[in-house]
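**Q** Quick one: structure below, then a few questions.
Number of protein chains: 2
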Amino acid sequence: MESLKKRVAEFSQEAHDLYLNQSVPFLEGSPDPLQFYRDWIGPNKPCIIRNACSHWPALTREKVGSKVITVAVTPDGYADAVNGDRFVTPEERRMSFSSVLDVIEGKEHVGVFYVQKQSSNLLDELPELTDDLESHVPWMSDALGKLPDAVNFWLGEASAVTSMHKDHYENLYCVISGEKNFILLPPTDRPFIPYGVYQPAVYRQRDDGEFEVVNQSDSEKVPWIPLDPLDPDLDRYPEYRRARPLRCSVKAGEMLYLPSLWFHHVQQSHGCIAVNFWYDMEYDIKYNYFQLLEALSEVTRPP
Amino acid sequence: MESLKKRVAEFSQEAHDLYLNQSVPFLEGSPDPLQFYRDWIGPNKPCIIRNACSHWPALTREKVGSKVITVAVTPDGYADAVNGDRFVTPEERRMSFSSVLDVIEGKEHVGVFYVQKQSSNLLDELPELTDDLESHVPWMSDALGKLPDAVNFWLGEASAVTSMHKDHYENLYCVISGEKNFILLPPTDRPFIPYGVYQPAVYRQRDDGEFEVVNQSDSEKVPWIPLDPLDPDLDRYPEYRRARPLRCSVKAGEMLYLPSLWFHHVQQSHGCIAVNFWYDMEYDIKYNYFQLLEALSEVTRPP
């Protein structure tokens, strides 16, 4: 078992030596679809594309102020995150776009607000924007031979945090204004990333303004990552010492290609506006190998 | 260890369930480079392309008869194969192309002859052919963004066999005349494929016509696959029962895309002429994962 654990750790090391970059590289302008597939999607490596979405218009209160959108509200900015022995999701509140902008612009409020609904909210909730914003990224759709499965809109306060997780999507994350800050870990670092299984719960703001956590007792337990990469508890999760997180900042007009199954933790500048495109990943040989790595990671981790 | 072994076997099973085909599919005509990358190279899946090399001319005695080429000669057709406790390579003989054609056409001889030298022999030994034959496959070079590393020429007797092995190349195998028969195993079946380490040796025909095996005592031992997929010794290698070989026949005018790291065993019709293009593989995440699988395969196999 010790030799297996050692071999798995060597595997993660080899990934960095063989093909991963020590920082996230930049490309200039919209790439050629085939070259992008060959250099980034196939090898499952992140990059930032500059001058790729700078022609998108600013969102105005005039245009969409009266539209009602879904906002995630939490006491501390941590939506979809482990809190003690529970996995707590935010209170979802329906508000006008104008009211959200009021909060962003400093109107007194309780809790942290984040427009972050991940169910194609851009097209569902703000369809008028798709006249201005593109409904897909043409070179990415060409590369993958399909349209995005979801287009999501993000707008929130500086203290809103997306806890570390991975998605089953090829992700293009476009910053329209402000700045997003990512901590990224490759799938090959999976052996160093702890998972637990948690009781699902949801925040609910009481009439007195305080938040309570309400168990969703009819829901199945949720596997999630308890580790906070901003302040990792290395006594509890010593394997994480071997992980090699990449940090990157994505600025207005830039687009992060976040490959499928990469772990990511996200923060942002106050009022940052972003749109991301989720393209379904392929359940191919890389996914097959990742599943094996997941199993090995659980086998070789001390309980 | 038993549960690890079980998990590794499940992994190979999942590969077949998730994305592998039960037979090798056919494409019609030269594919679009991006689509070919996305559908076959990226996912590391073989296919046969029809009407892809039918415009290549026949080779004539008039044109290249006097050219001297390298021929592999063995007593039994097994070049580069395990024989007892040794890995035996063929006697390499320099002959005119005409003399090889004489052998193919039935002239009495001892041993089995195979033009199979894998060091870009087409360009080195028969450069005049490259006027007629293409020196690369344009859509494949476009897809991979590079030219082939080697172009090899194959011509041999029906009893010449290529023993099971894998290559670190993306391989396009074009049959000009006759037929090649492949047994293919995906890299994910690695856990079921036995490897041994063998003393290198070489065949040498004595003056009396008999072949002897001469140890290359100054050479390092060679890892190779002792199993013959035509007649697998399942008492000795019981794991091979779980392997799921694909068989395919590639006929004149057809081209097999044989992905990197796929195990293959090759036979052919008598006098079959073929040209193959080796493009360097990428040492990327798939290779990284395969290296881990190799290590697991050795750990979980009974000694």
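First to last, the protein sequences are chains A and B.
If you want the working numbering, it's the 1-based position in the first sequence plus 54.
If you want the working numbering, it's the 1-based position in the second sequence plus 54.
Idealized CB from N, CA, C, for every residue including glycine.
1) Just verifying my parser: in three-state terms, what is the DSSP assignment at W316/B?
2) Would the stretch 225-242 of chain B count as touching the stretch 300-313 of chain B if we require 3 or more Cβ pairs under 8 Å?
3) Would you be able to state if there are at least three C-beta pairs under 8 Å between the stretch 298-310 of chain B and the stretch 224-231 of chain B?
4) With 8 Å as the limit, tell me which residues of the stretch 60-72 of chain A have their beta carbon closer than that to any beta carbon of chain B; keep them in chain order.
5) Since E336/A meets chain B, which of its residues come closer than 9 Å, beta carbon to beta carbon?
6) Please confirm if the stretch 243-256 of chain A is in contact with the stretch 268-281 of chain A, defined as three or more CB-CB distances below 8 Å between the two stretches.
7) Please give me, in chain order, every unbroken run of the beta strand (DSSP E) with length at least 3 that falls completely inside the stretch 123-181 of chain B.
8) With 7 Å as the threshold, decide whether the Cβ of L346/A is near any Cβ in chain B.
9) When you compare the stretch 327-344 of chain B with the stretch 190-204 of chain B, are there three or more beta-carbon pairs, one atom per stretch, that lie closer than 8 Å?
10) Taking the beta strand (DSSP E) that P277/B falls in, what are its first and last residues?
11) With H, G and I counted as helix, E and B as strand and the rest as coil, what does DSSP make of K305/A?
12) With N342/B as the anchor, note down where its alpha helix (DSSP H) starts and where it stops.
13) Give me the residue from V136/B, R355/B, L180/B, I123/B with the minimum Cα distance to N269/B.
14) Can you round the beta-carbon distance between E21/B and P97/A to whole angstroms, since I take them to be within the 8 Å contact cut?
15) Note down, in chain order, every chain B residue with its Cβ under 7 Å from the Cβ of V78/A.
16) Looking only at its own chain, which residues have a Cβ that is under 7 Å from the Cβ of R148/B, when we skip the five neighbours before and after it?
17) Could you name each continuous alpha helix (DSSP H) segment of 4 residues or more that falls completely within the stretch 77-113 of chain B, going from the start of the chain to the end?
18) Roughly how far, in whole angstroms, is the beta-carbon of G210/B from the beta-carbon of Y168/B, given that I think they are within contact range, below 8 Å?
19) Using DSSP with H/G/I as helix, E/B as strand and the rest coil, what is V215/A?
20) So that I know if they touch, is there some Cβ in chain C lying closer than 7 Å to that of I237/A?
21) Counting only Cβ-Cβ distances shorter than 9 Å, please list the residues of the stretch 314-342 of chain A near chain B, keeping chain order.
22) Does the separation of the CB atoms of A106/B and S84/B fall below 7 Å?
23) Give me the subset of the stretch 241-253 of chain B whose CB atoms are less than 9 Å from a CB atom of chain A, sorted by chain position.
24) Alpha carbon to alpha carbon, what distance is there between A126/A and A69/B?
25) Whose C-alpha, out of W94/A, S120/A, S213/A, A63/A, is nearest the C-alpha of L74/A?
26) Per DSSP, what are the beta-bridge partners of N330/B in this structure?
**A** Taking the structure as given:
1) By one-based count along the second sequence, residue 316/B stands at place 262. DSSP places W316/B in coil when its eight states are reduced to three.
2) Verdict: yes, contact present.
3) In this structure the stretch 224-231 of chain B touches the stretch 298-310 of chain B; the number of beta carbon pairs closer than 8 Å is three or more.
4) Answer in chain order: R61, V62, F65, E68, A69, L72.
5) Your numbering for residue 336/A matches position 282 in the first sequence. Those are Y73, R92, G96, P97, listed as they occur along chain B.
6) They touch, by the three-pair rule.
7) You should have 135-137, 140-143, 145-150, 166-169.
8) Numbered from its first residue, the first sequence carries residue 346/A at position 292. Yes, its Cβ sits closer than 7 Å to a Cβ of chain B.
9) Output reads yes: the stretch 190-204 of chain B touches the stretch 327-344 of chain B.
10) Residue numbering aside, residue 277/B sits at position 223 when the second sequence is read from its first letter. Start and end: 276-278.
11) Mapped onto the first sequence, residue 305/A falls at position 251. Looking at K305/A - three-state DSSP - the assignment turns out to be strand.
12) Locating residue 342/B in the second sequence gives position 288, counting from the first residue. Looking at the DSSP string, the run of the alpha helix (DSSP H) that includes N342/B is 339-354.
13) In the second sequence, the residue the question calls residue 269/B occupies position 215. Considering only alpha carbons, the answer is V136/B.
14) Because chain B in this structure spans residues 55 to 357, residue 21/B falls outside the shown range and cannot be described.
15) One-based indexing of the first sequence puts residue 78/A at position 24. Those do not exist, as V78/A stays about 16 Å from chain B at its closest Cβ, beyond 7 Å.
16) Along the second sequence, one-based indexing puts residue 148/B at 94. Excluding positions up to five away in sequence, the list reads V122, T124.
17) Qualifying alpha helix (DSSP H) stretches, in chain order: 87-90.
18) The count along the second sequence starts at 1 and reaches residue 210/B at position 156. The count along the second sequence starts at 1 and reaches residue 168/B at position 114. A Cβ-Cβ separation of about 3 Å places G210/B in contact with Y168/B under the 8 Å criterion.
19) Taking the first sequence and counting its residues from 1, one reaches residue 215/A at position 161. The answer is strand: DSSP assigns V215/A an E or B state.
20) In the structure shown, chain C does not exist; the protein chains are A and B.
21) Cβ contacts with chain B come from E336, Y337, D338, I339, K340, Y341, N342.
22) The residue labelled residue 106/B in the question sits at position 52 within the second sequence. The residue labelled residue 84/B in the question sits at position 30 within the second sequence. A106/B places its beta carbon less than 7 Å from that of S84/B.
23) Under the 9 Å Cβ criterion, the stretch 241-253 of chain B contributes P241, T242.
24) The sequence position of residue 69/B within the second sequence is 15, counting from 1. The sequence position of residue 126/A within the first sequence is 72, counting from 1. Distance between the alpha carbons of A69/B and A126/A: 39 Å.
25) To locate residue 74/A, count along the first sequence from 1; it is residue 20. Ranking the options by Cα distance to L74/A, first place goes to W94/A.
26) Taking the first residue of the second sequence as position 1, residue 330/B is located at position 276. For N330/B, the pairing in a beta bridge is given by DSSP as N206/B, Y227/B.
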